[in-house]
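Data block below; observations after.
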Amino acid sequence: MRQKIVAGNWKMNKSFSEAEETLDELVNLLDEQEKTDVNIIVCTPAIYLEMAVDIAESSAFAVGAQDVSAYEKGAYTGEISATMLNSMQVEYCIIGHSERRKYHHESNAEVAQKVEQLLGKTITPIVCCGEVLAEREANRQFEVVKQQLSESLFQLQPLDFTNIIIAYEPVWAIGTGKTATPEQAQEMHAFIRGIVEDKYGKEIAKKLPILYGGSCTPQNAATLFAQPDVDGGLIGGASLVAQDFMKIINAF
Ligand code: PEP
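As structure tokens, this is what we get:
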């Protein structure tokens, strides 16, 4: 049985008080219902991580960051290291998000370095992959995702691979309202599990959580999560509203 995971990616949204209010609302919603078996993660802007960790202490969600430095420490102005995240009790970190690849030119090689930094500090990387629209239209989505994962993850030893979460996020579906169909998501998730199996064997592939991301909403989450290789979601827009995020958590 694989972990069920719903992770929110707040991106660069909310003031401090809005962030606090949303997390308090999430805590209340979680308190009102029976304990869930879904692993809930909220990835806030870095500046709110301390507050989020404080609130999460008395609730059933964990806190993640949205990026980490590829370097351990030193003269990297503005960067945040895995050591710093670990010292703030941050348990997860998104890396390789398509927005970072696009606006900050993050490469697969850098994602590989970031994975190494995070694993070295016992933070679970949520590694994003996914094709852009032109690549899907050219039927190159499998080739693209295979290259992203091979170059950013397949340097890992098998034991380290058991501490990874992969998020398949077709770039054409992120923030566009165009969700992948459940069949498209399943097809890619099964492909990803297959290449992981080829590299690391059946046992590790079977346990690997693979999340879907891209315009996942309370309306479409249940059909996506019902797919055999979809283990949950990485949720952007809909994670900003506690009630919507909660509906997605309850869509399993
Ligand atoms: C994301 O950016 O990770 C994401 C999935 O965004 P959205 O849900 O808004 O498409």
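According to the numbering used here, the sequence shown is numbered sequentially starting from 1.
Don't be surprised by glycine CBs; every beta carbon is placed ideally from N, CA and C.
Sequence-distant residues of the same chain with beta carbon closer than 7 angstroms to residue i, five excluded per side
i: Gln-3; result: Asn-39, Pro-209 and Asp-231
i: Thr-162; result: Ile-204 and Lys-207
i: Met-88; result: Leu-49, Glu-50 and Val-53
i: Lys-146; result: Ile-195
i: Ser-152; result: Gly-96, Asn-108, Val-111, Ala-112, Val-115 and Val-127
i: Ile-144; result: In the sequence on display, residue 144 carries Val and not Ile. Here the set comprises Glu-131 and Glu-135.
i: Phe-245; result: Gly-8, Leu-26, Ile-235, Ala-238 and Ser-239
i: Phe-252; result: Lys-4, Val-38 and Phe-225
Start-to-end residues for the alpha helix (DSSP H) that takes in residue i
i: Gly-194; result: 182 to 200
i: Ala-222; result: 221 to 225
i: Leu-26; result: 16 to 32
i: Ala-238; result: Where Ala-238 is concerned, there is no enclosing alpha helix (DSSP H), given that its DSSP letter is neither H nor E.
Range of the contiguous beta strand (DSSP E) that encloses residue i
i: Val-6; result: 4 to 9
i: Leu-211; result: 210 to 213
i: Leu-234; result: 232 to 235
Nonlocal neighbours in the same chain, by C-beta distance under 8 angstroms from residue i, ignoring five residues either side
i: Gln-117; result: Val-68, Ser-69, Ala-70, Tyr-71, Glu-72, Ser-81 and Ala-82
i: Leu-29; result: Ala-242, Gln-243 and Met-246
i: Ala-19; result: Trp-10, Thr-44, Pro-45, Tyr-48, Met-51 and Ala-52
Residues near residue i by beta carbon distance below 6 angstroms, same chain, minus five either side
i: Met-1; result: none
i: Met-188; result: Tyr-168
i: Thr-223; result: Pro-182
i: Ala-173; result: Thr-179, Ala-180, Gly-214 and Ser-215
i: Asn-220; result: Thr-179
i: Glu-197; result: Ala-205
i: Ala-60; result: Leu-30
Assumed close pair residue i, residue j - CB separation to whole angstroms, cut-off 8 angstroms
i: Gln-184; j: Asp-229; result: The pair is not a contact, with the Cβ atoms about 12 angstroms apart (cut-off 8 angstroms).
i: Tyr-212; j: Tyr-168; result: 6 angstroms
i: Gly-64; j: Ser-239; result: Contact doesn't hold; Cβ gap of about 11 angstroms is too wide.
i: Val-6; j: Gly-233; result: 6 angstroms
i: Val-76; j: Ile-123; result: Sequence check: residue 76 is Tyr here, not Val. Rounded, the Cβ-Cβ distance is 18 angstroms, inconsistent with contact.
i: Thr-22; j: Lys-14; result: 7 angstroms
i: Val-42; j: Ser-98; result: Rounded, the Cβ-Cβ distance is 20 angstroms, inconsistent with contact.
i: Asn-86; j: Lys-121; result: 4 angstroms
For residue i, the residue or residues it bridges with in DSSP
i: Asn-39; result: Ile-5
i: Cys-129; result: Tyr-168
Chain D contact for residue i (CB, 8 angstroms cutoff)
i: Asp-37; result: This model lacks chain D altogether, as it is built from one protein chain only.
### Task
Only counting runs of 3 or more residues, tell me where the beta strand (DSSP E) segments fall wholly within the stretch 43 to 126, in order along the chain.
Within the stretch 43 to 126, the complete beta strand (DSSP E) runs of at least 3 residues are 61 to 65 and 92 to 95.
### Task
Mind listing, in chain order, the continuous beta strand (DSSP E) runs of no fewer than 3 residues lying wholly within the stretch 132 to 179?
165 to 168
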